[in-house]
Amino acid sequence: MPEQTTHSEMTSPEITLACPTCKKTVVWNADFPFRPFCSDRCRLIDLGEWASENHRIAGDNLDINSEDELQR
Ligand SMILES: [Zn+2]
-15 MPEQTTHSEM TSPEITLACP TCKKTVVWNA DFPFRPFCSD RCRLIDLGEW ASENHRIAGD
45 NLDINSEDEL QR
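Our numbering puts the sequence shown at residues -15 to 56.
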């Protein structure tokens, strides 16, 4: 009687996808901690983090205005 033991469970196919920002191939494993993005830079770009610095400046101005209103 032949052994039916298989180790094929270890050979699951790799999941790959394209980076939403630069379309580079990203493998869904520990090599790409920023998946689905290929890198932290692409992740920040897609999240609009690069633009949020402008928002942060505007936010500071808003905070100053609201403090000004509180003092009145
Ligand atoms: Zn990318």
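Idealized CB from N, CA, C, for every residue including glycine.
Whole-angstrom distance between residue j and residue i, CA atom to CA atom
i	j	result
Thr(-5)	Pro4	27 angstroms
Lys8	Ala2	5 angstroms
Ala14	Ser23	12 angstroms
Leu28	Arg19	12 angstroms
Trp12	Phe21	10 angstroms
Cys26	Thr0	16 angstroms
Phe16	Glu(-2)	13 angstroms
Exposure of residue i, with buried meaning 16 or more beta-carbon neighbours within 10 Å
i	result
Val10	buried
Proximity winner among the options, relative to residue i (alpha-carbon distances)
i	options	result
Asp30	Cys6, Leu1, Ile(-1) and Thr0	Cys6
Heavy atom of ligand 1 within 8 angstroms of residue i beta-carbon
i	result
Thr0	no
Ser23	yes
Thr5	yes
Any non-hydrogen atom of ligand 3 closer than 8 angstroms to residue i Cβ
i	result
Phe18	Ligand 3 is not among the ligands present in this structure, which contains only ligand 1.
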